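Position in the sequence shown (first residue = 1) + 445 = the numbering used here.
Worksheet for the structure shown next.
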Amino acid sequence: MDLILSSGFLAFARHLGAIEAILQAGVHVDALVGTSSGALVGALYQAGLSTDTIARLLSERPPVYFMRPHARPWQGLFSLHPLVRLLDRHLPRTFEQLSRPLALGVCDERGKHRLIHSGDLVPALLASMAIPRVFPPVSLQGIKYADGGVVDRTGTGAWRVWRPDTDAIVHVVDRTRGREIAFGTSRITLVRTPRSHAKFWSLGDFRAQQLEARRLVETQLAPVFGALTR
Numbered sequence: 446m447d448l449i450l451s452s453g454f455l456a457f458a459r460h461l462g463a464i465e466a467i468l469q470a471g472v473h474v475d476a477l478v479g480t481s482s483g484a485l486v487g488a489l490y491q492a493g494l495s496t497d498t499i500a501r502l503l504s505e506r507p508p509v510y511f512m513r514p515h516a517r518p519w520q521g522l523f524s525l526h527p528l529v530r531l532l533d534r535h536l537p538r539t540f541e542q543l544s545r546p547l548a549l550g551v552c553d554e555r556g557k558h559r560l561i562h563s564g565d566l567v568p569a570l571l572a573s574m575a576i577p578r579v580f581p582p583v584s585l586q587g588i589k590y591a592d593g594g595v596v597d598r599t600g601t602g603a604w605r606v607w608r609p610d611t612d613a614i615v616h617v618v619d620r621t622r623g624r625e626i627a628f629g630t631s632r633i634t635l636v637r638t639p640r641s642h643a644k645f646w647s648l649g650d651f652r653a654q655q656l657e658a659r660r661l662v663e664t665q666l667a668p669v670f671g672a673l674t675r
């Protein structure tokens with residue numbers, strides 16, 4: 446079964462809790478689609494990192510640690526160069542080197558949603574996280590891309606085209622910004638968790654957010670996949 450992780454401002458803990466609940470339900474995750482914060486968590490997970498390791502990497506320092514003033518602030522206020530160094534240590538160079546399929550939601554220069562699932566991985570990941578005016582767009586093969594959540598928080602429609610004969614669990618973190626597109630329920634199990642209320646200077650109680658998301662998703666999955674082993 447595929448997994449789709451929505452955008453959601455710094456919602457790393459929510460996505461990790463959802464993944465833990467899904468694994469506890471005995472679901473094997475095949476392909477993963479992620480957008481913005483869902484892209485970052487999803488890429489690390491598809492690269493083979495455990496949820497505990499991802500939680501440590503993303504919570505031991507506040508997000509602002511990975512941000513630097515951008516030389517051209519009219520393109521975006523901050524760069525993510527320190528984050529690139531972290532990602533280069535834990536991710537392969539290309540999508541094709543991942544052991545499981547991954548696609549990342551982005552928005553192109555014309556405001557159209559796209560899924561990127563091949564080529565250089567880290568630049569595509571940065572593009573999916575490039576909140577307009579906060580971070581600069583990322584150029585891939587001559588086209589500039591930004592955070593896909595601006596036009597489609599889940600990218601479920603594009604996933605249906607990419608993986609037409611597959612079921613998916615869609616985890617949506619309650620809306621902070623961006624656009625939530627209706628996608629129907631055919632071959633989809635939808636689970637939702639609340640906003641994290643994280644900030645660039647503090648993620649708050651990361652572990653508590655993660656555990657809350659896990660409990661909520663376990664409850665929502667139980668009618669579909671049966672009683673969960675605790």
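Glycine is no exception: its CB is placed at the ideal position from the N, C-alpha and C atoms.
Keep in mind the model is a prediction, meaning the values are calculated, not measured.
- prompt: Any idea if L468 is buried or exposed, counting beta-carbon neighbours within 10 angstroms, 16 or more meaning buried?
  reply: Taking the first residue of the sequence shown as position 1, residue 468 is located at position 23. Exposed is the call here.
- request: Would you kindly work out how many angstroms separate the C-alpha atoms of G521 and F580, rounded to a whole number?
  value: The sequence position of residue 521 within the sequence shown is 76, counting from 1. The sequence position of residue 580 within the sequence shown is 135, counting from 1. Between G521 and F580, the C-alpha separation is close to 4 angstroms.
- prompt: Hey, how far is the Cα of H473 from the Cα of D447?
  reply: The residue labelled residue 473 in the question sits at position 28 within the sequence shown. The residue labelled residue 447 in the question sits at position 2 within the sequence shown. If you take the alpha carbons of H473 and D447, they lie about 8 angstroms apart.
- request: Confirm, please, whether the CB-CB distance from L536 to A492 is below 8 angstroms.
  value: As a first step, residue 492 must be located in the sequence shown, where it is residue number 47. As a first step, residue 536 must be located in the sequence shown, where it is residue number 91. Yes, the Cβ-Cβ distance between A492 and L536 is below 8 angstroms.
query: If you drop the 5 nearest sequence neighbours on each side, which residues of the same chain put their C-beta closer than 7 angstroms to that of G556?
result: Counting from one through the sequence shown, the residue named residue 556 turns up at place 111. Here the set comprises V596.
query: Can you name the residues that DSSP bridges to H558?
result: Here residue 558 refers to the residue found at position 113 of the sequence shown. In DSSP, H558 forms a bridge with C552.
query: Using the beta-carbon count (16 or more within 10 Å), is R513 buried or exposed?
result: Here the question's residue 513 lines up with position 68 in the sequence shown. Exposed, since its Cβ has fewer than 16 Cβ neighbours within 10 Å.
message: As a quick exercise: from D610, H558, S504, pick the residue whose alpha carbon is nearest that of S631.
response: Sequence index remark: in the sequence shown, residue 631 carries index 186 (1-based). Closest option to S631, Cα to Cα, is D610.
query: Which two residues bound the contiguous beta strand (DSSP E) that contains G462?
result: Start at 1 with the first residue of the sequence shown, and residue 462 comes out as number 17. Looking at the DSSP string, G462 is not in any beta strand (DSSP E); the run it does join, the alpha helix (DSSP H), is 457 to 469.
Sub-8 angstroms separation of R598 and S452 beta-carbons: For the purposes of this step, residue 598 is taken as residue 153 along the sequence shown, with counting starting at 1. For the purposes of this step, residue 452 is taken as residue 7 along the sequence shown, with counting starting at 1. Yes, Cβ-Cβ distance for R598 and S452 is below 8 angstroms.
message: Does D592 pass the burial test, meaning 16 or more other C-beta atoms within 10 Å, or should it be called exposed?
response: Taking the first residue of the sequence shown as position 1, residue 592 is located at position 147. By the neighbour-count rule (16 or more Cβ atoms within 10 Å), D592 is buried.
message: What would DSSP say about H526, mapped onto helix, strand or coil?
response: Position 81 of the sequence shown holds residue 526. It is helical.
- prompt: According to the Cβ coordinates, are L547 and G487 closer than 8 angstroms?
  reply: Against the sequence shown, residue 547 aligns to sequence position 102. Against the sequence shown, residue 487 aligns to sequence position 42. For L547 and G487, yes; Cβs fall inside 8 angstroms.
Cβ neighbours of P568 in the same chain (closer than 7 angstroms, five flanking residues each side left out): On the sequence shown, residue 568 is found 123 positions in, with the first residue counted as 1. Excluding sequence neighbours, P568 sits near V583, L585.
- prompt: Since A476 sits in a beta bridge, which residues does DSSP pair it with?
  reply: Residue mapping note: residue 476 aligns to position 31 of the sequence shown, counting from 1. DSSP lists no partner for A476.
message: So within the segment 579 to 649, which uninterrupted beta strand (DSSP E) runs reach at least 3 residues, ignoring any that extend past its ends?
response: 583 to 585, 588 to 592, 613 to 618, 633 to 638
- prompt: Per DSSP, what kind of secondary structure is R517 in: helix, strand or coil?
  reply: Here residue 517 refers to the residue found at position 72 when the sequence shown is read from its first residue. Three-state DSSP puts R517 in coil, outside helix and strand.
query: Is DSSP giving L494 helix, strand or coil here?
result: Counting from 1 along the sequence shown, the entry for residue 494 is found at position 49. Residue state, collapsed to three classes: coil.
query: Excluding five sequence neighbours on each side, which residues of the same chain lie with their C-beta closer than 7 angstroms to the C-beta of I466?
result: As a working mapping, residue 466 is identified with position 21 in the sequence shown. The question names Ile, but residue 466 in the sequence shown is Ala. The residues are R659, V662, E663, L666.
task: Locate the alpha helix (DSSP H) running through L450, then write down its first and last residues.
output: Counted from its first residue, the sequence shown places residue 450 at position 5. Taken as a continuous stretch (DSSP letters only), L450 belongs to no alpha helix (DSSP H), being part of the beta strand (DSSP E) at 447 to 450.
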